[in-house]
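J.:
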Ligand SMILES: NC(=O)c1ccc[n+]([C@@H]2O[C@H](COP(=O)([O-])OP(=O)(O)OC[C@H]3O[C@@H](n4cnc5c(N)ncnc54)[C@H](OP(=O)(O)O)[C@@H]3O)[C@@H](O)[C@H]2O)c1
């Protein structure tokens, strides 16, 4: 029996994980569930899955909520980290959104667990610390992102020294055909309508700006130890091919399937075993046709180009890119800045930052705080009427 803790249980990946686990009760047991501030959703999941441990990160969300049955709940960010390193847990699914997931990522790996990682922001912001934690503690980092799961699947049974390059696919989001002028006026409601994936709000906006693909390039760099010259990305609107691996002899492997996060989640839980799951056996090449591929337009999707620059700069720059982007996305969703302004504020934050190496978590936190403050100040200066 694999004992699983899900951090970010109330979100899109968290719930998909619970659906997968629910279909295999003989293989998995939910021992811990953690959420941010969705008190009612967490209470409902606790009632349904009866985990040994339930954690709410934001204790303030419980103020005035004496109606919620919460016997045994742990509260606070430290309790989320404690769940990530709990001795009764075999696999930690980190499905928290944003750099807030970094401490748990490090804790799970340092305590020798398998970390099924959806929270790409933690690897982007603190890549060197995350890989060091895995080395120190013997933890195992298995990606949940469909592109990185595709690469892992293509790499099975091969000599990693024979990999030439990898190519990540991107749906291109809802705006892939819009001009820059048209992009300037898109609304949060339009950006939240993703054509092929149903996901949480932050990653849906990142998919519309293609910041998500840049985050994934940085993620791939740390997961597979490849230089940025050997990581490419292409637009593939159908989201059927989840990524390619090209080997040194020119042979190319791809992993395919209709878009569902349940497949990479199941694979991350059972890797390298493949567990039979008839719900996921739906592929039909005729329905999947046609498959098309296009280059990414760097001028229209500035946040993609900036993210790759941040990855290449290394050190604290990916943390700055990530934090500036997280803040910009939340301001866009609140209607405080426009779609293209997200790229502008991230670019300014990066241009004002002096890169330094990452040696400890405090280095990441400092770069993260600096970037968030810069975006807040820029937004307040450019939109003095908008709330702070
Ligand atoms: N959704 C997808 O299909 C998909 C695909 C690939 C990768 N990912 C990655 O997976 C991660 C989660 O994405 P999502 O779409 O599932 O997001 P989501 O639906 O917005 O869910 C985010 C989850 O994180 C929790 N959370 C927020 N802050 C927290 C904190 N400080 N401590 C503990 N939990 C906290 C939220 O809890 P509350 O709701 O209670 O606040 C919620 O359960 C992201 O990094 C995303 O990039 C997602």
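Residue numbers (the working numbering): 193 to 580. Yeah, the Cβ is synthetic: ideal placement off N, Cα and C, and Gly gets one too. Since we're looking at a predicted model, the values are computed, not measured.
#1: Can you tell me whether residue 345 is buried or exposed? The criterion is at least 16 other CB atoms within 10 Å of its CB, across all chains shown.
#2: For the beta strand (DSSP E) that contains residue 401, what are its first and last residues?
#3: For residue 284, I'd like the list of residues in its chain whose CB is within less than 6 Å of its CB, leaving aside the five on either flank, ordered along the chain.
#4: For residue 255, count neighbouring C-beta atoms within 10 Å of its own C-beta (all shown protein chains included) and say buried if the count is 16 or more, exposed if not.
#5: Please list the terminal residues of the continuous alpha helix (DSSP H) segment that includes residue 457.
#6: Which of the three DSSP states, helix, strand or coil, is assigned to residue 486?
#7: How big is the Cα-Cα spacing for residue 380 and residue 397?
#8: Count the other CB atoms within 10 Å of the CB of residue 337; is the residue buried (16 or more) or exposed (fewer)?
#9: Between 335, 559 and 427, which has its C-alpha nearest residue 511's C-alpha?
#10: Quick check on DSSP: helix, strand or coil for residue 549?
#11: Exposed or buried, which one is residue 444 when buried takes at least 16 other CB atoms within 10 Å?
#12: By the three-class DSSP mapping on this structure, what secondary structure does residue 509 have?
#13: Just to check, is the beta-carbon of residue 229 closer than 7 Å to a non-hydrogen atom of ligand 1?
#14: Just confirm the distance between the C-beta atoms of residue 488 and residue 496, as a whole number of angstroms; I'd bet it's less than 8 Å.
#15: Could you tell me if residue 353 is buried or exposed, where buried requires 16 or more neighbouring beta carbons within 10 angstroms of its beta carbon?
#16: What residue from 438, 309, 290 and 406 has the CA that sits closest to residue 350's CA?
#17: How would you call residue 543, buried or exposed, if buried means at least 16 neighbouring beta carbons within 10 angstroms?
#18: Is the closest heavy atom of ligand 1 to the C-beta of residue 514 under 7 Å?
#19: Have a look at 322, 239 and 395 and flag the residue whose alpha-carbon is nearest the alpha-carbon of residue 263.
#20: Hey, could you find the ends of the beta strand (DSSP E) residue 308 is sitting in?
#21: Answer yes if the stretch 314-333 comes into contact with the stretch 227-239, meaning at least three C-beta pairs across the two stretches below 8 Å, and no otherwise.
#22: Would the beta-carbon of residue 196 be found less than 7 Å away from any heavy atom of ligand 1?
#23: State yes or no: is the C-beta of residue 224 within less than 8 Å of the C-beta of residue 245?
#24: Measure the alpha-carbon distance for residue 270 versus residue 569 and round it to whole angstroms.
#25: What residue range is occupied by the uninterrupted beta strand (DSSP E) comprising residue 531?
T.: Let me lay it out:
#1: The sequence position of residue 345 within the chain shown is 153, counting from 1. By the neighbour-count rule (16 or more Cβ atoms within 10 Å), residue 345 is buried.
#2: In the chain shown, residue 401 corresponds to position 209, counting from 1. Per DSSP, residue 401 lies in no beta strand (DSSP E); the unbroken alpha helix (DSSP H) holding it starts and ends at 393-401.
#3: The residue given as residue 284 occupies position 92 in the chain shown. Spatial neighbours of residue 284 in its own chain (CB-CB distance under 6 Å, excluding positions within 5 residues in sequence) are listed in chain order as 197, 276, 300, 305 and 307.
#4: Working through the chain shown from its first residue, we reach residue 255 at position 63. Within a 10 Å sphere around the beta-carbon of residue 255 sit fewer than 16 other beta-carbons, which makes this residue exposed.
#5: One-based indexing of the chain shown puts residue 457 at position 265. Element bounds for residue 457: 454-462.
#6: Working through the chain shown from its first residue, we reach residue 486 at position 294. Strand.
#7: Mapped onto the chain shown, residue 380 falls at position 188. Mapped onto the chain shown, residue 397 falls at position 205. Residue 380 and residue 397: Cα-Cα distance of roughly 8 Å.
#8: Residue numbering aside, residue 337 sits at position 145 when the chain shown is read from its first letter. That one is buried.
#9: By 1-based counting over the chain shown, the position of residue 511 is 319. Ranking 335, 559 and 427 by Cα distance to residue 511 puts 559 first.
#10: Along the chain shown, one-based indexing puts residue 549 at 357. Residue 549 falls in the coil class under three-state DSSP.
#11: Your numbering for residue 444 matches position 252 in the chain shown. Counting Cβ neighbours within 10 Å, residue 444 comes out exposed, since fewer than 16 surround it.
#12: Indexing the chain shown from 1 puts residue 509 at position 317. In the displayed model, residue 509 falls within a helix according to three-state DSSP.
#13: Your numbering for residue 229 matches position 37 in the chain shown. For residue 229, the CB falls within less than 7 Å of some heavy atom of ligand 1.
#14: Within the chain shown, residue 488 is the residue found at index 296, counting from 1. Within the chain shown, residue 496 is the residue found at index 304, counting from 1. Contact between residue 488 and residue 496 is confirmed by a C-beta separation of about 6 Å, below the 8 Å threshold.
#15: Stepping through the chain shown from its first residue, residue 353 is reached at position 161. Exposed is the call here.
#16: Stepping through the chain shown from its first residue, residue 350 is reached at position 158. Restricting attention to 438, 309, 290 and 406, the CA atom closest to the CA of residue 350 is found in 438.
#17: Sequence index remark: in the chain shown, residue 543 carries index 351 (1-based). Burial state of residue 543 is exposed, judged by a 10 Å Cβ sphere holding fewer than 16 other Cβ atoms.
#18: Looking up residue 514 in the chain shown gives position 322. For residue 514, the shortest separation between its Cβ and any heavy atom of ligand 1 does not lie below 7 Å.
#19: Position 71 of the chain shown, counted from the first residue, corresponds to residue 263. The option with the nearest alpha carbon to residue 263 is 239.
#20: Numbered from its first residue, the chain shown carries residue 308 at position 116. Element bounds for residue 308: 306-309.
#21: Not touching, per the Cβ criterion.
#22: In the chain shown, the residue the question calls residue 196 occupies position 4. The closest heavy atom of ligand 1 lies 7 Å or more from the beta carbon of residue 196.
#23: Counted from its first residue, the chain shown places residue 224 at position 32. Counted from its first residue, the chain shown places residue 245 at position 53. Contact flag set, yes.
#24: Within the chain shown, the letter at position 78 stands for residue 270. Within the chain shown, the letter at position 377 stands for residue 569. Going by C-alpha positions, residue 270 is about 29 Å away from residue 569.
#25: Here the question's residue 531 lines up with position 339 in the chain shown. No beta strand (DSSP E) holds residue 531; the alpha helix (DSSP H) holding it covers 531-543.
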